[in-house]
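The numbers in this note's numbering rise by one with no breaks, and the one at position 62 of the sequence shown is 52. Notes follow the structure.
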Amino acid sequence: MIRFFDIFFSFIGLLFLSPILLILFVFGYFDSGSPIFCQERVGKDKRPFHLMKFRSMHVHSPSVATHLASASSITAFGNFLRKSKLDELPQLFNVITGDMSLVGPRPNLVNQTELIFERESRGVYNVRPGITGLAQINKIDMSTPQLLAEIDAKMIENLNILNYFKFIILTVFGNGFGDRIKANT
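Right, dumping it as structure tokens:
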């Protein structure tokens, strides 16, 4: 049932948000010259996939976990995208293709070995990664791998239709939270 809702809501979202997606694409093009960012992430059953986002960092920024990135890597437009969570909208395509769900553990980079170990030991890779979930609405990010894996496992164990909608609604109305960016030093 959740997969049906994933496809339905992603399709409706892409349909109604297409003018906004186009505007963000154009602004992103003028901001960085490359408005879409694709990065290899770990998906269900530890299969790699390419996560899509609107680019919020300079084109030549290092490909590291967000909590390890420098604030100086973020463009002015990228800062707006991150604060508004609009940088996540292209992930609706990942949901439609089956790489992701709307609700699930946030997909990590392939080089985050500590988090991969923690998640694998708790069965987190048995489900599709998501755009939002229990960790995001509780402001827990990838900078705390063990805690994140524990919360992800708890979410998976208790995920039902009611919680699915709860996490989406809480995220849409401001409780979603991205990974922290380290301040410039």
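Built from N, CA and C at the ideal position, the CB exists for glycine as well.
Give me the DSSP bridge partner(s) of residue i.
| i | result |
| --- | --- |
| residue 146 | BP columns for residue 146 are empty, so no partner. |
| residue 184 | The requested residue 184 does not occur in the structure, where the chain is confined to residues -9 to 175. |
| residue 26 | 44 |
| residue 196 | An answer regarding residue 196 cannot be provided, because it is not within the stretch -9 to 175 covered by the chain. |
| residue 99 | 31 |
| residue 38 | 32 |
Only counting the same chain, and skipping five residues up and downstream in sequence, which positions put a Cβ closer than 8 Å to that of residue i?
| i | result |
| --- | --- |
| residue 4 | 11, 82, 83 and 86 |
| residue 154 | -8, -5, 92 and 93 |
| residue 164 | none |
| residue 36 | 106, 110 and 115 |
| residue 69 | 46 |
| residue 26 | 15, 18, 42, 43, 44, 45 and 80 |
Using a Cβ-Cβ cutoff of less than 7 Å, which residues in the same chain neighbour residue i once the five nearest sequence positions on both sides are dropped?
| i | result |
| --- | --- |
| residue 98 | 31, 32, 105, 106 and 132 |
| residue -1 | 92 |
| residue 1 | 86 |
| residue 24 | 45 and 49 |
| residue 158 | 92, 93 and 122 |
| residue 67 | 17, 18 and 21 |
| residue -3 | 86 |
Just to confirm my understanding: we take residue i, look at its own chain, exclude 5 residues before and 5 after, and list those with CB closer than 6 Å. What are they?
| i | result |
| --- | --- |
| residue 77 | 43, 44, 46 and 71 |
| residue 149 | none |
| residue 51 | 63 |
| residue 146 | 117 |
Should residue i and residue j be called a contact, given that it needs their Cβ atoms to be closer than 8 Å?
| i | j | result |
| --- | --- | --- |
| residue 28 | residue 14 | no |
| residue 79 | residue 7 | yes |
| residue 136 | residue 108 | yes |
| residue 34 | residue 118 | yes |
| residue 161 | residue 130 | no |
| residue 100 | residue 9 | no |
**Asked** Is the region 88 to 96 in contact with the region 5 to 24, if contact means three or more CB pairs nearer than 8 Å?
**Response** no
**Cβ pair count under 8 Å reaching 3, the region 100 to 114 against the region 140 to 160** = yes
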